[in-house]
Amino acid sequence: MIGFLNALPGAAAQGIIWGIMAIGVYITYKILDIADLTVDGSFGTGGATLVMCMTSGMGMPLSLLMAFLAGCAAGFITGILHTKFGIPAILAGILTQLGLYSVNLRILGGANLTLSDRKYKLLVNLKNIYPSLVVCVIFTVIIIGILYWFFGTEMGHSLRATGCNASMARANGINTSRNQIIAIILSNGIVALSGALLSQWQGFADVNMGRGAIVIGLAAVIIGEVIFGKIFHNFALRLTGVVCGGIVYYAVITFVLRLGLNANDLKLLSAVVVAVFLAVPYWKKAWSENRSKAVREVK
Amino acid sequence: MLEIKNVYKTFNKGTINEKKALQNLNLTLNDGDFVTVIGGNGAGKSTMLNMIAGVYPVDSGMITINGTDVTGMKEHIRAQFLGRVFQDPMMGTAADMWIEENMALAGRRGQKRGLRWAITHKEREEFKEKLKELELGLENRLSTKVGLLSGGQRQALTLLMATMKRPDLLLLDEHTAALDPKTAAKVLELTDKLIEEEGLTALMITHNMRDAIHYGNRLIMMNEGQIILDVSGEEKKKLTVEDLLAAFSRLSGSEFANDRALLSK
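Quick note, the sequences are listed as chains A and B, same order.
Just add 116 to wherever you are in the first sequence, counting from 1, and you've got this note's numbering.
Just add 4 to wherever you are in the second sequence, counting from 1, and you've got this note's numbering.
Structural data, given as structure tokens:
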């Protein structure tokens, strides 16, 4: 138990980093109402780009910017595949993600690339847990702040309308294809930024680091909604809930690992947990509909 | 105002489900015309409205609004000319967004949407004023999600949104069909009032022949993708439902078949 408590701050930092990625997932999954699987690739692209930029001599701010832009580029491809090539969003994301695997290998020049915390000044690193936590929180606050502002603007409103009711959006003069592209770009930029933070945290970028990212992101979004959905109505608070969902997710993972779960079985566990959480609202609805039908029949 | 010239549209061309929805459709609307549209099942009424709105492209022909050729114009660009209310109350509003957010979206129809704040204080006051006129108590619920409103409330709101930024042409696609009779009558009254006050040009599809006669200054009847009857002015005022049914069987050579129309005669 002591060991678990000691591991908590580290889990929280990692949870926040994945929580930032989950904010990206929130934009596509919740606001745009599509499941964008690009993230499994663009997360790694962000990490790879940052490590590559840093090791080739760029400063931290510029490297972060490059990672963000690389993610945006990935999102742009998915957006084009979906809106201009007419490929269903899920498939478009899978295609980009597959292609990104090769791209990420090219960026890294191999399967992985080390980013030594002794050679470079890193923002977050598992050897400096508490300062890292502070940095993670600052990043989260800035990102949520910017998104809160953005989704309150005319353009932000039109993005929300696009996800909520595309026919209505078009009837009101909103270019829904363009908006979908913008939202997917923004989402993947944030995902890549989160990948850039994780590569610093673990001190290397790996071509497989984004595998299953979408599932973790969905887990964070859903956990955030289940736990905080009833209290958090404001948009900024809801995004905070998503990040908290990431923290809860990582705390749970840390806990079950401490209990002796084989780390190799983690992905299976994550998949099962997310599947159940996705199913619960559906079951609930089906159950309540059945009940009201039964009540009517009795009457 | 609106000009539809020789428009054809066939769905599922070359398959066994081929459906000739519009066949050489011609229609000219004058400024301020309030035209009611009736016709049987599959007569092409909705297709005509969707063609005008640009939901899907025409096969051939031309559509101009206020002298602008809109035939090849995308739906969201054409929206600058049009206000639209749909049959399905769910379709005209964004359910997860607030009443004021929906109205602000509609208020910027045809304008560039940039990074300015989406709703201003001044607008909020205007929204309240407009909602008050609906007499549905919505003026105190600006930050209620539209999804929580009833079908009638949503249709009334959609109507308000469609006319908030004055449209060159208002398209109403059986917008009261999904409502209960009392609510339908109320929404229809509101429609008439808005069109009258603002002097709008409007095309309204209805399945109710009495409504089609009672409202508007002109009535057209469609059959098999064409307009078979076009009455306006004094002649329209004297029409009766029986006249319309007789005219239909005379002009089309068959009985009037519209499930809903027959039920609500």
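Think of the CB as a built atom: it goes at the ideal place given N, C-alpha and C, for glycine as much as any other residue.
- Residues of the segment 263–293 of chain A that bring their beta carbon within less than 8 Å of a beta carbon in chain B comprise F266, G268, T269, E270, M271, G272, H273, S274, R276, A277, C280, N281, S283, M284, A285, R286, A287, N288, G289, I290, N291, T292, in sequence order.
- Taking a C-beta cut-off of 7 Å against chain A, the contacting residues of the segment 79–104 of chain B are E79, H80, A83, Q84, R88, M95, G96, T97, A98, A99, D100, M101, listed in chain order.
- For B/K132, the closest C-alpha among the options B/K116, B/A98, B/M101, B/M168 is that of B/M168.
- Distances from the alpha-carbon of A/L249 to those of A/A127, A/W399, A/N122 put A/A127 closest.
- Within the segment 75–111 of chain B, the complete beta strand (DSSP E) segments at least 3 residues long are 86–89, listed from N- to C-terminus.
- Beta-bridge annotation (DSSP): B/V11 is paired with B/L29.
- Positions of the beta strand (DSSP E) runs, each at least 3 residues long and wholly inside the segment 223–310 of chain A, are given as 228–230 in order along the chain.
- For A/L180, the closest of A/I193, A/G195, A/A164, A/A190 by C-alpha to C-alpha distance is A/A164.
- Boundaries of the beta strand (DSSP E) harbouring B/I67: 64–69, taken from the DSSP string.
- Scanning A/N220, A/C252, A/G272, A/A321 for the CA closest to the CA of B/R120 turns up A/G272.
- A straight line joining the alpha-carbon of A/V331 with that of A/V392 spans about 12 Å.
- As the crow flies, the alpha-carbon of A/Y145 is around 43 Å from that of B/E228.
- Around B/A110, the beta-carbon contacts reaching into chain A at under 7 Å are N288.
- Against chain A, the CB of B/G155 has no partner CB under 8 Å away; the residue lies outside that interface.
- The alpha-carbon of A/G289 is positioned some 19 Å away from that of B/P93.
- In this structure, the straight-line span from the alpha carbon of B/R158 to that of B/E105 is close to 14 Å.
- Ranking B/G48, B/A83, B/T72, B/V39 by CA distance to the CA of B/G58 puts B/A83 first.
- In the structure shown, the three-state DSSP call for B/D196 is helix.
- Here the segment 297–314 of chain A makes contact with the segment 185–203 of chain A; the two share three or more CB pairs at distances below 8 Å.
- Comparing C-alpha distances from A/L124 to each of A/L207, A/V253, A/R374 shows the shortest one belongs to A/R374.
- Per DSSP, B/I20 lies in no alpha helix (DSSP H) and is assigned neither H nor E.
- Residues of chain A whose Cβ lies closer than 9 Å to the Cβ of B/G43 do not exist; the shortest such Cβ separation is about 23 Å.
- Residues of the segment 112–142 of chain B with a Cβ closer than 7 Å to any Cβ of chain A, in chain order: R112, R113, G114, R117, G118, L119, R120, W121, A122.
- Nearest C-alpha to B/I8 among B/F260, B/L255, B/E246, B/I231: B/I231.
- Inclusion of A/I118 and A/I363 in the CB contact set at 8 Å is not warranted, their separation being larger than that value.
- Assigned with DSSP and collapsed to three states, B/R113 falls in coil, not helix or strand.
- Counting only runs of 4+ residues, the alpha helix (DSSP H) found wholly inside the segment 195–255 of chain B occupies 213–218, 237–241, in chain order.
- Inter-segment contact for the segment 286–305 of chain A and the segment 321–328 of chain A is absent: fewer than three beta-carbon pairs are separated by less than 8 Å.
- Judged by their CB atoms, A/I147 and A/L275 are nearer to each other than the 8 Å cut-off.
- Taking a contact to require three or more Cβ pairs closer than 8 Å, the segment 249–262 of chain A and the segment 71–85 of chain B do not qualify as touching.
- For the 8 Å CB-CB criterion, A/T199 and A/T154 do not form a contact.
- Take the alpha-carbon of B/H125 and the one of B/R117: they are about 18 Å apart.
- Setting aside the 5 residues that flank it on each side, B/T68 is surrounded in the same chain by E7, V74, each with a C-beta closer than 7 Å to its C-beta; the list follows chain order.
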